Amino acid sequence: MSALVLIHAFPLSGEMWAHERRALRDAADPIVAPSLPGFGGTDVPRIEPSIDDYADSVVAAMDEAKIERAAVAGMSMGGYVAFAIWRRHRGRVERLLLADTRAEADTDDARDRRVRLAGVIRERGIEALLKTPPQWLRKGSPHWAALLTAIRRQPPEAIAQASLAMAH
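First residue of the sequence shown: 953, per our numbering; consecutive thereafter.
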(Lines of atoms letter the chains of each structure in order from A and count residues from 1; the text may use other names and numbers.)
(Lines give C-alpha, C1' and ligand atoms only; values in the text may rest on other atoms or scores of the structure.)
Protein backbone atom coordinates (compact mmCIF):
# COMPACT_ATOMS: atom_id res chain seq x y z
CA MET A 1 0.00 0.00 0.00
CA SER A 2 1.32 3.39 -0.87
CA ALA A 3 0.41 6.77 0.51
CA LEU A 4 -2.18 8.96 -1.16
CA VAL A 5 -2.37 12.76 -1.00
CA LEU A 6 -5.63 14.41 -2.10
CA ILE A 7 -5.69 18.15 -2.83
CA HIS A 8 -9.03 19.91 -2.78
CA ALA A 9 -10.80 22.03 -5.37
CA PHE A 10 -11.56 25.76 -5.24
CA PRO A 11 -13.21 27.04 -3.02
CA LEU A 12 -13.49 24.01 -0.74
CA SER A 13 -11.32 22.31 1.88
CA GLY A 14 -9.77 18.91 2.47
CA GLU A 15 -13.14 17.83 3.83
CA MET A 16 -14.35 17.45 0.23
CA TRP A 17 -12.45 14.15 0.18
CA ALA A 18 -14.21 12.58 3.22
CA HIS A 19 -16.13 10.03 1.14
CA GLU A 20 -13.07 9.07 -0.92
CA ARG A 21 -10.94 8.71 2.20
CA ARG A 22 -13.44 6.25 3.65
CA ALA A 23 -13.80 4.37 0.36
CA LEU A 24 -10.03 4.09 -0.20
CA ARG A 25 -8.87 3.40 3.36
CA ASP A 26 -8.00 -0.22 2.49
CA ALA A 27 -6.27 0.73 -0.77
CA ALA A 28 -3.82 3.37 0.47
CA ASP A 29 -2.06 4.04 3.73
CA PRO A 30 -1.94 6.74 4.83
CA ILE A 31 -4.40 8.98 3.03
CA VAL A 32 -3.83 12.68 3.61
CA ALA A 33 -6.23 15.39 2.46
CA PRO A 34 -4.89 18.65 3.86
CA SER A 35 -6.74 21.93 3.62
CA LEU A 36 -4.71 24.57 1.84
CA PRO A 37 -3.78 27.63 3.92
CA GLY A 38 -6.89 29.64 4.79
CA PHE A 39 -9.29 26.78 4.06
CA GLY A 40 -10.85 24.21 6.36
CA GLY A 41 -10.27 26.18 9.55
CA THR A 42 -6.57 26.85 8.91
CA ASP A 43 -5.24 30.36 9.38
CA VAL A 44 -5.74 32.73 6.47
CA PRO A 45 -2.28 33.83 5.29
CA ARG A 46 -1.40 37.47 5.94
CA ILE A 47 0.48 37.60 2.65
CA GLU A 48 -1.25 36.31 -0.47
CA PRO A 49 0.04 32.80 -1.17
CA SER A 50 1.09 31.55 -4.56
CA ILE A 51 0.34 28.14 -6.00
CA ASP A 52 3.92 27.24 -5.09
CA ASP A 53 3.24 28.27 -1.47
CA TYR A 54 0.20 25.98 -1.46
CA ALA A 55 2.36 23.17 -2.90
CA ASP A 56 4.93 23.65 -0.15
CA SER A 57 2.15 23.52 2.47
CA VAL A 58 1.03 20.13 1.11
CA VAL A 59 4.60 18.84 1.22
CA ALA A 60 4.76 20.07 4.84
CA ALA A 61 1.60 18.03 5.54
CA MET A 62 3.31 15.04 3.94
CA ASP A 63 6.30 15.59 6.22
CA GLU A 64 4.03 15.80 9.24
CA ALA A 65 2.41 12.48 8.23
CA LYS A 66 5.90 11.01 7.62
CA ILE A 67 5.16 10.43 3.94
CA GLU A 68 8.29 10.42 1.80
CA ARG A 69 6.59 9.61 -1.55
CA ALA A 70 2.94 9.41 -2.48
CA ALA A 71 0.41 9.25 -5.24
CA VAL A 72 -0.66 12.90 -5.43
CA ALA A 73 -4.10 13.76 -6.77
CA GLY A 74 -5.50 17.23 -7.24
CA MET A 75 -8.87 18.40 -8.49
CA SER A 76 -9.44 21.80 -10.07
CA MET A 77 -7.26 24.24 -8.10
CA GLY A 78 -5.84 21.17 -6.37
CA GLY A 79 -4.56 20.10 -9.77
CA TYR A 80 -2.62 23.35 -10.08
CA VAL A 81 -1.12 22.60 -6.66
CA ALA A 82 -0.40 18.94 -7.48
CA PHE A 83 1.39 19.99 -10.67
CA ALA A 84 3.44 22.52 -8.66
CA ILE A 85 4.43 19.74 -6.24
CA TRP A 86 5.56 17.68 -9.21
CA ARG A 87 7.60 20.63 -10.51
CA ARG A 88 9.10 21.64 -7.14
CA HIS A 89 9.32 18.34 -5.27
CA ARG A 90 9.37 15.71 -8.02
CA GLY A 91 11.02 13.10 -5.82
CA ARG A 92 8.02 13.19 -3.47
CA VAL A 93 5.58 12.23 -6.24
CA GLU A 94 5.19 8.53 -6.97
CA ARG A 95 2.20 9.06 -9.28
CA LEU A 96 0.32 12.17 -10.33
CA LEU A 97 -3.39 12.56 -11.01
CA LEU A 98 -4.72 15.87 -12.34
CA ALA A 99 -8.52 15.91 -12.40
CA ASP A 100 -10.76 18.61 -13.88
CA THR A 101 -7.81 20.99 -14.11
CA ARG A 102 -5.19 22.22 -16.53
CA ALA A 103 -1.43 22.05 -16.80
CA GLU A 104 -1.02 25.08 -19.06
CA ALA A 105 -1.27 28.70 -17.98
CA ASP A 106 -4.60 30.49 -17.99
CA THR A 107 -5.46 32.78 -20.86
CA ASP A 108 -5.36 36.52 -20.23
CA ASP A 109 -9.18 36.52 -20.06
CA ALA A 110 -9.22 33.72 -17.47
CA ARG A 111 -6.60 35.53 -15.36
CA ASP A 112 -8.64 38.74 -15.55
CA ARG A 113 -11.79 36.86 -14.44
CA ARG A 114 -9.93 35.40 -11.45
CA VAL A 115 -8.65 38.85 -10.42
CA ARG A 116 -12.15 40.34 -10.79
CA LEU A 117 -13.64 37.45 -8.79
CA ALA A 118 -11.21 38.12 -5.94
CA GLY A 119 -12.26 41.77 -5.91
CA VAL A 120 -15.97 40.90 -5.89
CA ILE A 121 -15.51 38.44 -3.02
CA ARG A 122 -13.51 40.98 -1.02
CA GLU A 123 -16.14 43.67 -1.63
CA ARG A 124 -19.36 41.69 -1.29
CA GLY A 125 -18.43 38.36 0.32
CA ILE A 126 -19.05 34.77 -0.66
CA GLU A 127 -22.73 35.29 -1.41
CA ALA A 128 -21.75 37.38 -4.43
CA LEU A 129 -19.94 34.32 -5.79
CA LEU A 130 -22.93 32.11 -5.11
CA LYS A 131 -25.55 34.53 -6.46
CA THR A 132 -24.22 34.24 -10.00
CA PRO A 133 -22.19 31.04 -9.79
CA PRO A 134 -19.35 30.46 -12.21
CA GLN A 135 -19.70 27.76 -14.84
CA TRP A 136 -17.99 25.14 -12.65
CA LEU A 137 -20.58 25.57 -9.90
CA ARG A 138 -23.70 23.97 -11.34
CA LYS A 139 -27.10 24.39 -9.75
CA GLY A 140 -29.29 21.35 -9.59
CA SER A 141 -26.59 18.90 -8.54
CA PRO A 142 -27.86 16.41 -5.95
CA HIS A 143 -25.08 17.75 -3.73
CA TRP A 144 -25.90 21.43 -4.32
CA ALA A 145 -26.96 22.26 -0.74
CA ALA A 146 -23.95 20.48 0.77
CA LEU A 147 -21.64 22.22 -1.68
CA LEU A 148 -23.04 25.65 -0.77
CA THR A 149 -22.62 24.88 2.93
CA ALA A 150 -19.01 23.77 2.39
CA ILE A 151 -18.20 26.94 0.43
CA ARG A 152 -19.87 29.20 3.00
CA ARG A 153 -17.63 27.71 5.71
CA GLN A 154 -14.53 29.09 3.97
CA PRO A 155 -13.28 32.61 4.77
CA PRO A 156 -13.92 35.06 1.93
CA GLU A 157 -10.31 36.26 2.10
CA ALA A 158 -8.99 32.71 1.62
CA ILE A 159 -11.19 32.32 -1.45
CA ALA A 160 -10.04 35.68 -2.83
CA GLN A 161 -6.40 34.76 -2.21
CA ALA A 162 -6.82 31.41 -3.96
CA SER A 163 -8.42 33.08 -6.97
CA LEU A 164 -5.46 35.45 -7.21
CA ALA A 165 -2.96 32.61 -6.76
CA MET A 166 -4.50 30.80 -9.73
CA ALA A 167 -4.34 34.02 -11.76
CA HIS A 168 -0.57 34.35 -11.37
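In this text, a Cβ means the ideal position worked out from N, Cα and C, and glycines have one as well. Bear in mind that the values here come from a model prediction, so they are computed numbers and not experimental data.
- With at least 16 other beta carbons inside 10 angstroms of its own, T1053 counts as buried.
- Annotation for L958: the continuous beta strand (DSSP E) segment containing it runs S954 to I959.
- Nearest in C-alpha terms to Y1006, of all of I959, A975, D1064 and R1047, is I959.
- In its chain, beyond the 5 residues on either side, S987 have a beta carbon closer than 6 Å to the beta carbon of T994.
- For I983, the beta-bridge partners assigned by DSSP are L956.
- One Cα belongs to L1050, the other to I983, and the distance between them is close to 17 Å.
- Counting along the chain, the unbroken alpha helix (DSSP H) around R1040 starts and ends at M1029 to R1040.
- When C-alpha distances from A1119 are compared across R974, V1011, R1063 and P963, the shortest belongs to R1063.
- Under a 10 Å Cβ-count criterion, S1028 is classified as buried, with 16 or more other Cβ atoms of the shown protein chains found around its own Cβ.
- Taking a C-beta distance under 8 Å as the contact criterion, P1001 and A1112 do not qualify as a contact pair.
- For V1067, the enclosing alpha helix (DSSP H) stretches over residues D1060 to R1076.
- Distance between G1077 and A1070, taken at the CA atoms: about 10 Å.
- Listed in chain order, the non-local C-beta contacts of A1102 below 8 Å within the same chain comprise L964, S965, E967 and M968, local neighbours out to five positions each way being set aside.
- Counting along the chain, V1045 sits inside the beta strand (DSSP E) bounded by residues V1045 to A1051.
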